[in-house]
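Notes to accompany the following structure.
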DNA sequence: TATGAATGAGAATTCATTCAT
DNA sequence: AATGAATGAATTCTCATTCAT
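Chains as they are written, first to last, in UniProt numbering: chain A, 1 to 184; chain B, 1 to 184; chain C, 1 to 184; chain D, 1 to 184.
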């Protein structure tokens, strides 16, 4: 890819990310083009439609999350419950930073191949971590990776739904983790 | 209000509710008018803009919830934790039935006077119930009515975010209630 | 239909007709709206897309032609070859006045129901007239209504294809009619 | 011209011809470039704008026709009416094969110098042939080369305007030639 | 009061042409 | 000479809101 093309693509993604972060999920391609300082056509060349742009946005961030999850799952000797908490905290932080990221993570199974693959990867790593945490008594039976992901997205919503972003993040995360433990 | 005017208003609200329930949150007033069998102008007479319609929609459902919450809070002799669980289960059920209702409940503080008042009412009743549940050892310190409402909305998202609506509702609600208990 | 709606519809059709007559077959709905002094939305309300506008344009003129053809076919006592010539001359005149009309008449069978019906009507009347003209020795075997319509459209093209519109119409029409006679 | 440049030019012309033959007269240069396996810039190097491409396309085919016409005109000893028929049949065949060719042949006098010159050449040869055919009693007075060209284009339209391309070509051509004879 | 036609700003998208590589 | 990314004016179409009937 040409240097300027790459630069433009990056700018567009950056602007789109910022728009989402500002809570504007309309992703108007004309607006994005203007903000990015490129022509509309350039945006359309890189991303034939709004969905493709969202996809690209997702993939990037999602991959990073998958990497984190794998690292956590691979840390075999470590304290699994603590690893899980760290991973969920990391993920929650990302969701709060980036509304688009949250949207992707939450989007139902009907996503594109790439996103579905990423989700499968994530759930795989998470399942491993969960199993180890369950053996350590920190996770109840009947809760799988899919549930944890969904519940964490819910926690993300709860945190965001006050103006006081992030002030409650730690508390709510703790509520989730306590709730996931086997009932007394 | 003339009888036919009242009837038209009710029809519009009904159609709007159905649209929201079907997951179409665009609330196009022309469409609603058509579906309701009235002219656009009629919709605008009753609801000067889209927001006013949403407001009206909210108020109705929200009031019912407030009534439930007050009844639960007033049941002084009863088992407070059980009352709380019932109330949250009722609320969650509503949220799953009616996406619009969920949206209202979740909407941030920047709502209109009427909605804000309803929320205050809800939180008042919920706070009372929480206090009693806390005295019964079922709720940790540092969790207030606002938190419970937000977390419950999050649970609603988690439940909805699978195709398997409601299949996980009870489990996720249990995770929430366990998580709200004082840490061991 | 409301008075102003009818007026607007007529204006739009009128402008569209003029545009076509000027040889601009792009039929840009925004342009038409501006020229007609109405909003774009008004055009779209009456004609959801360009094709619908063309259709409407066609129908009106086409119906008049069908009426003429029927009258000619019904004039049982008259000189059939002369009637045919008059009808073809009338049709050719229309085609030269109105490029849109010519386009409709020529458009292949893949047209809409309404247009197809009109064409069938036309061909019916024309077939009747042709049979009578054939009995009078003015039409060769093997030439049907469909052929005459197609050939006449071709003559229309030939006339138009010089800057000298209409100067050759009568001659070319005569060439057609002579050519349609049984070979010597 | 470099060998590769010549090859590219030929490819572009070939693809453009195919597009026209497929009935797509939009001649989108980006599309043509892609189909030809060259960059857009290359197309623009050879043909500064769309019109230039059309011109080039025309010229090539048109020249071949002129050659045919001259050969027919030069065949002094032959049966002129038969030569004329052969020439018109050849031309009609070309028009049916290649919609772009038909468009060129038909294009009004306002064409470019090169095309105008070709048309003049064609009309010159055709006029000669017509004169000889007229002397043989096969062409009426008042019909000139220009008329024959225009009428033939019209016949082309008539043939094409059914789905049954070419099935009627011979009949319609015969209608034309009979029609061109002096009236009885 | 009800109606629904009219309005027009604005969003999505295309494509001829230019120009950096 | 070739490439193809970039450009942005132009076009199609939507929809919230107003207003004549």
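Built from N, CA and C at the ideal position, the CB exists for glycine as well.
query	result
With DSSP run on the structure shown, which of helix, strand or coil describes residue 143/D?	coil
Roughly how many whole angstroms lie between the Cα atoms of residue 150/B and residue 177/A?	17 Å
Please list, in chain order, the chain B residues whose beta carbon lies closer than 8 Å to that of residue 122/A.	Under the 8 Å cutoff, chain B gives no residues; its nearest Cβ is about 14 Å from residue 122/A.
Mind checking if residue 106/A is an interface residue toward chain B, Cβ cutoff 8 Å exclusive?	yes
By a C-beta neighbour count over all protein chains shown, 10 Å radius and 16 as the cutoff for buried, is residue 72/C buried or exposed?	buried
Three or more C-beta pairs closer than 8 Å, one from the stretch 85 to 98 of chain B and one from the stretch 136 to 155 of chain B: is that the case here?	yes
Can you name, in chain order, every residue of its own chain whose Cβ lies under 7 Å from the Cβ of residue 108/D, other than the five neighbours on each side?	Note that residue 108/D has pLDDT 48, beneath the 50 cutoff, so the model's placement of it is unreliable and no number is given.
Using a beta-carbon distance below 8 Å, is residue 29/D in contact with chain C?	no
Would residue 173/D and residue 61/D be called neighbours here (beta carbons separated by less than 8 Å)?	no
Consider the Cβ of residue 141/A: report whether some Cβ of chain B lies at a distance smaller than 8 Å.	no
Determine the extent of the alpha helix (DSSP H) in which residue 74/D is found, giving its start and end residues.	50 to 74
In or out: residue 161/D buried (at least 16 other Cβ within 10 Å) or exposed?	buried
Of all Cβ atoms in chain C, is any one closer than 8 Å to the Cβ of residue 21/D?	no
Do residue 158/D and residue 154/C have their beta-carbon atoms positioned less than 8 Å apart in this structure?	yes
According to DSSP, is residue 179/A part of a helix, a strand, or is it coil?	helix
Against chain B, which members of the stretch 135 to 160 of chain A pass a CB distance test of less than 9 Å?	140, 142, 143, 146, 147, 149, 150, 151, 152, 153, 154, 155, 156, 157, 158, 159 and 160
According to DSSP, is residue 38/B part of a helix, a strand, or is it coil?	coil
Along the stretch 33 to 64 of chain C, where does the CB come closer than 8 Å to a CB of chain D? Name the residues.	none
The alpha helix (DSSP H) spanning residue 89/D covers which residue range?	80 to 97
What three-state label does DSSP hand residue 20/C in the structure shown?	helix
What residue from 67/A, 91/A and 66/A has the CA that sits closest to residue 156/A's CA?	91/A
Establish whether the CB of residue 171/A and some CB of chain B are separated by less than 8 Å.	yes
Is there a Cβ from chain B that is less than 8 Å from the Cβ of residue 89/A?	no
Taking the beta carbon of residue 95/D as the centre, do at least 16 other beta carbons fall within 10 Å, making it buried, or is it exposed?	buried
Would you grab the beta carbon distance between residue 36/C and residue 11/C for me? Rounded to a whole angstrom, and I think it's under 8 Å.	4 Å
Find the residues of chain D that neighbour residue 184/C, judging by a C-beta separation of less than 9 Å, and give them in chain order.	178, 181 and 184
Relative to the alpha-carbon of residue 66/B, which residue among 51/B, 55/B, 126/B and 25/B has its alpha-carbon at the smallest distance?	126/B
Per DSSP, what kind of secondary structure is residue 174/D in: helix, strand or coil?	helix
Within its chain, find whatever has a CB closer than 7 Å to the CB of residue 75/C; leave out the 5 residues flanking it on each side and keep chain order.	83
Here's a check: name, in chain order, each residue in its chain whose Cβ is nearer than 7 Å to the Cβ of residue 121/C, leaving out the five neighbours to either side.	66
Have a look at 69/B, 99/B, 115/B and 171/B and flag the residue whose alpha-carbon is nearest the alpha-carbon of residue 124/B.	69/B
Just tell me which of 131/D, 30/D, 13/D and 31/D has its CA closest to the CA of residue 57/D.	13/D
Nearest-angstrom Cα distance between residue 113/C and residue 183/D?	41 Å
Look at residue 99/C and residue 164/C and say whether their C-beta atoms are less than 8 Å apart.	no
So, residue 142/D versus residue 171/C, is the Cβ gap smaller than 8 Å?	yes
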